[in-house]
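Using my numbering, you'd call the opening residue of the sequence shown number 122 and step up by one each time.
By construction, the Cβ of each residue, glycine as well, lies at the ideal position given by its N, Cα and C atoms.
This structure is a prediction, so every number in the text was calculated from the model and none was measured.
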Amino acid sequence: MKAGSPIADSLRASLAELQQHAARARPDYATRQRWLAGLQCIVTEHQAEWIAALNADFGCRSAVETRLAELFPALEGISLARRKLKDWMRPRRRGVSPWFWPARAEVQPQPLGVAGIIVPWNYPVFLALGPLTSALAAGNRAMLKMSELSPHSGELLARLCERYLGRDVVRVVNGGLDVAAAFGNLPFDHLLFTGSTRVGRMVMQAAAANLTPVTLELGGKCPLLIAPGVDVARAARSVVAGKLLNAGQTCVAPDYVLLHAADRDAFVAAVRRAARHAYPRLADNPDYTAIINRQHLERLLAWRDDARLRGARVEALCDEDDTSLLAACKLPLTLIEQAPADAAVMREEIFGPLLPIISYQQLDEALAHIQRHPRPLALYLFDNDRSRIAHVLDATLAGGVCINDTLLHVVQDQLPFGGVGGSGMGHYHGYEGFVTFSKLLPVFRQSRLAGTALTRPPYGKVVQGLLR
Ligand code: NAD
122 MKAGSPIADS
132 LRASLAELQQ
142 HAARARPDYA
152 TRQRWLAGLQ
162 CIVTEHQAEW
172 IAALNADFGC
182 RSAVETRLAE
192 LFPALEGISL
202 ARRKLKDWMR
212 PRRRGVSPWF
222 WPARAEVQPQ
232 PLGVAGIIVP
242 WNYPVFLALG
252 PLTSALAAGN
262 RAMLKMSELS
272 PHSGELLARL
282 CERYLGRDVV
292 RVVNGGLDVA
302 AAFGNLPFDH
312 LLFTGSTRVG
322 RMVMQAAAAN
332 LTPVTLELGG
342 KCPLLIAPGV
352 DVARAARSVV
362 AGKLLNAGQT
372 CVAPDYVLLH
382 AADRDAFVAA
392 VRRAARHAYP
402 RLADNPDYTA
412 IINRQHLERL
422 LAWRDDARLR
432 GARVEALCDE
442 DDTSLLAACK
452 LPLTLIEQAP
462 ADAAVMREEI
472 FGPLLPIISY
482 QQLDEALAHI
492 QRHPRPLALY
502 LFDNDRSRIA
512 HVLDATLAGG
522 VCINDTLLHV
532 VQDQLPFGGV
542 GGSGMGHYHG
552 YEGFVTFSKL
562 LPVFRQSRLA
572 GTALTRPPYG
582 KVVQGLLR
């Protein structure tokens with residue numbers, strides 16, 4: 122998108138207006154509390170509209186999942202920010218080198234100006250309001266770009282932000298890939314992108330031209346490692362819950378399972394039971410979310426069929442006929458074993474309910490598998506042996522770790538959230554989110570009692586001696 126096109130011009134004009142508001146006065150504590158209260162109203166006063174918008178975006182989006190995985194965590198994040206804001210905003214004392222006593226030093230967090238936030242379609246409320254909470258708490262204005270695949274949520278957010286926050290604080294932009302590309306070219310003071318690793322690369326390149334710092338919340342394959350001899354039935358229930366929330370369309374969903382060969386049969390039997398218990402029906406079950414569109418459904422079917430054609434054992438955990446499932450754009454949990462390493466399901470982020478299972482003989486083989494692949498956004502480990510857990514954490518590097526469950530580390534607002542390597546860079550949520558959208562201003566205050574002679578010319582023998 123060239124600068125000078127009508128889309129680019131209108132986005133630049135919006136940014137310039139927000140920059141003018143930001144330059145006029147830094148928002149104080151009361152203003153930020155008012156903004157955060159506005160965010161709370163956007164969620165609490167409009168729950169039914171959110172549920173309807175997400176249902177329209179997905180074709181079928183479980184209302185419980187919308188409450189559980191979008192509205193509830195968004196509200197939790199806003200409440201924490203409101204409770205902690207005073208503490209986050211206060212200047213923090215730092216030590217001063219004894220050479221400069223009795224001077225003082227402190228760090229003052231300051232707003233950066235206007236933040237850009239790019240949002241994917243899979244959790245459009247949580248992944249818009251989460252970063253927005255951090256940006257507003259830190260005293261910034263913000264522009265958000267919503268995904269073209271979740272237009273109903275995007276329209277609702279635009280309307281509610283205008284009503285509760287006003288156009289001098291937040292602007293929400295909707296539109297296709299041309300709008301997205303133009304948005305990524307804007308000279309924001311900080312840009313937080315959530316989406317695929319492929320697009321994240323393009324976003325970072327565009328941001329580099331403006332020297333805009335980026336936080337990249339990307340994707341990848343999240344391994345789930347079951348140590349030998351643990352309770353596989355318990356692990357299976359967590360795997361099913363974590364994999365089938367939003368039908369697997371979750372950045373931190375367990376992508377594949379690594380387990381000891383001796384536990385394989387018991388685990389597969391437990392997954393069958395757990396999946397049937399959680400979702401007795403799929404096609405007409407309002408609690409089982411649909412795949413976002415035909416294109417993604419066909420991608421998943423192609424990857425499944427490719428694995429089967431190349432010798433993998435494929436088992437769909439469902440008795441319903443394909444026609445009614447496909448008409449509803451739904452896919453059952455499908456176990457895939459012995460797929461070749463270069464099959465798409467083994468290489469690419471799955472982002473759907475296909476679950477490769479890899480059996481190992483020695484735990485170190487499983488660790489070597491994780492180490493050979495890009496650093497994941499989340500690592501799941503089922504184990505109760507402290508020293509083995511320490512060994513696994515020592516041998517791997519992931520965006521976050523959740524032990525003996527799935528997904529729940531993401532909704533702990535006091536923990537930072539963010540990937541590493543291919544799964545992203547930087548953090549948000551809680552205090553780290555506030556810091557991400559702040560300039561940490563170092564301030565040195567000289568004391569009236571300071572003796573300055575030592576560090577100023579003409580340099581005497583004492584300082585020369587000290588520096589030797
Ligand atoms: P995507 O990368 O296709 O799109 C994400 C957003 O980027 C959309 O709003 C899109 O319009 C926009 N976009 C597209 N091209 C752009 C460009 N050239 N410049 C700027 N913006 C552009 O991702 P998606 O399909 O919406 O979401 C799925 C991916 O997101 C998965 O890989 C998933 O793992 C990842 N994800 C990561 C997290 C996380 O927190 N790390 C959370 C959710 C999803």
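(1) Just to confirm, is the Cβ distance from Phe-309 to Lys-266 under 8 Å?
(2) Could you name the residues whose beta carbon sits closer than 6 Å to any heavy atom belonging to ligand 1, keeping them in chain order?
(3) Between the segment 271-278 and the segment 341-360, do three or more beta carbon pairs fall short of 8 Å?
(4) In the segment 487-570, which residue ranges form an unbroken beta strand (DSSP E) of at least 3 residues, counting only runs that do not cross its ends?
(5) Leu-64 to Thr-455, Cα distance in whole Å?
(6) Given this structure, state the Cα-to-Cα distance separating Pro-537 from His-548, to the nearest angstrom.
(7) Could you work out which residue in Val-389, Asp-426, Arg-577 is closest to Ala-102 when comparing CA atoms only?
(8) Could you tell me which of Ala-382, Leu-253, Ser-183, Thr-152 sits nearest to His-311, measuring between CA atoms?
(9) Kindly give me the distance between the Cβ atoms of Glu-227 and Gly-540, rounded to whole angstroms, as I take these residues to be in contact under 8 Å.
(10) Compute the beta-carbon to beta-carbon distance between Lys-364 and Leu-502, rounded to the nearest angstrom, for a pair I have assumed lies under 8 Å.
(11) Considering just the uninterrupted stretch of the beta strand (DSSP E) at Gly-251, what are its terminal residues?
(12) Does the Cβ of Leu-488 have 16 or more other Cβ atoms within 10 Å, making it buried, or fewer, making it exposed?
(13) Please determine, among Cys-181, Val-217, Asp-376, the residue with the shortest C-alpha to C-alpha distance to Arg-468.
(14) Among Gln-585, Gly-321, Thr-410, Val-531, which one has its Cα closest to the Cα of Pro-334?
(15) Give the straight-line distance between the Cα atoms of Lys-582 and Val-217, rounded to the nearest whole angstrom.
(16) In angstroms with no decimal places, state the Cα-to-Cα distance between Pro-344 and Arg-225.
(17) May I have the straight-line CA-CA distance separating Met-122 from Arg-288, to the nearest angstrom?
(18) Can you find the residues in the same chain that come closer than 7 Å, C-beta to C-beta, to Arg-215, ignoring five residues on each side of it along the sequence?
(19) If we count Cβ pairs, one from each stretch, closer than 8 Å, do we get three or more for the segment 295-302 versus the segment 243-261?
(20) Starting from Ser-131, trace the beta strand (DSSP E) both ways and give me its first and last residue.
(21) On a Cα-Cα basis, can you pick out the residue from Asn-261, Ala-357, Tyr-244 that is closest to Asn-525?
(22) What is the DSSP secondary structure of Pro-272, counted as helix, strand or coil?
(23) Do the segment 411-427 and the segment 390-401 meet, that is, are 3 or more Cβ pairs less than 8 Å apart?
(24) Based on the DSSP output, what are the partners of Pro-232 in its beta bridges?
(25) At which residues does the beta strand (DSSP E) containing Ile-413 begin and terminate?
(26) Arg-153: buried (16+ other C-beta within 10 angstroms of its C-beta) or exposed?
(27) Which residues does DSSP pair with Pro-375 in a beta bridge?
(28) Helix, strand or coil for Tyr-481? Go by DSSP, reduced to three states.
(29) My parser needs the alpha helix (DSSP H) runs of 4 or more residues fully inside the segment 160-204; what are they?
(30) Do the segment 438-454 and the segment 491-502 make contact, defined as three or more Cβ pairs closer than 8 Å?
(31) Indicate the three-state DSSP secondary structure (helix, strand or coil) for Phe-314 in the structure shown.
(32) Across the segment 398-415 and the segment 165-172, are there enough close Cβ pairs to call them in contact, namely three or more that are closer than 8 Å?
(33) Considering only C-alpha positions, which residue in the set Leu-160, Pro-245, Val-522, Val-353 is nearest to Arg-383?
(34) Under a Cβ-count criterion, where at least 16 other Cβ atoms within 10 Å of its own Cβ denotes burial, should Phe-565 be classed as buried or exposed?
(35) Between the Cα of Pro-241 and those of Ile-163, Leu-175, Val-291, spot the shortest distance and give me the residue it belongs to.
(36) Leaving out the 5 sequence neighbours to the left and right, which residues in its chain are closer than 6 Å to Arg-434 when beta-carbon positions are compared?
Looking at the atomic coordinates:
(1) no
(2) Ile-239, Val-240, Pro-241, Trp-242, Asn-243, Leu-248, Lys-266, Ser-268, Glu-269, Leu-298, Ala-301, Ala-302, Phe-304, Gly-305, Thr-315, Gly-316, Ser-317, Val-320, Met-323, Val-324, Glu-338, Leu-339, Gly-340, Cys-372, Glu-470, Phe-472, Leu-498, Gly-540, Gly-545
(3) no
(4) 499-503, 521-524, 559-566
(5) Here the chain has residues from 122 to 589 only, and residue 64 is not among them.
(6) 6 Å
(7) Because the chain in this structure spans residues 122 to 589, residue 102 falls outside the shown range and cannot be described.
(8) The candidate whose alpha carbon is nearest that of His-311 is Leu-253.
(9) The Cβ separation is near 32 Å, so there is no contact.
(10) That belief does not hold up - the Cβ atoms of Lys-364 and Leu-502 are roughly 16 Å apart, past 8 Å.
(11) Here Gly-251 belongs to no beta strand (DSSP E); instead the alpha helix (DSSP H) covers 247-258.
(12) Counting the other Cβ atoms within 10 Å of the Cβ of Leu-488 gives 16 or more, which makes it buried.
(13) Asp-376
(14) Gly-321
(15) Answer to the nearest angstrom: the Cα atoms are 24 Å apart.
(16) 47 Å
(17) Because the pLDDT at Met-122 is just 46, under 50, the model does not fix this residue reliably, and the value given afterwards should be weighed accordingly. Answer to the nearest angstrom: the Cα atoms are 24 Å apart.
(18) Ala-226, Glu-227, Val-228
(19) no
(20) Ser-131: not part of any beta strand (DSSP E); member of the alpha helix (DSSP H) spanning 127-145, first to last residue.
(21) Among Asn-261, Ala-357, Tyr-244, the Cα nearest to that of Asn-525 is on Ala-357.
(22) helix
(23) no
(24) According to DSSP, residue pairing for Pro-232 in a beta bridge involves Ser-559.
(25) That residue, Ile-413, is in no beta strand (DSSP E); it is neither H nor E in DSSP.
(26) buried
(27) Cys-343
(28) strand
(29) 168-179, 184-187
(30) Taking 8 Å as the limit for Cβ pairs, the verdict is that the segment 491-502 does not touch the segment 438-454.
(31) strand
(32) no
(33) It should be pointed out that residue 383 corresponds to Ala in this sequence rather than to Arg. Selected option, being the one with the closest Cα: Val-353.
(34) exposed
(35) Leu-175
(36) Taking C-beta separations shorter than 6 Å and ignoring five residues to either side along the sequence, the partners of Arg-434 in its chain run Glu-458, Gln-459, following chain order.
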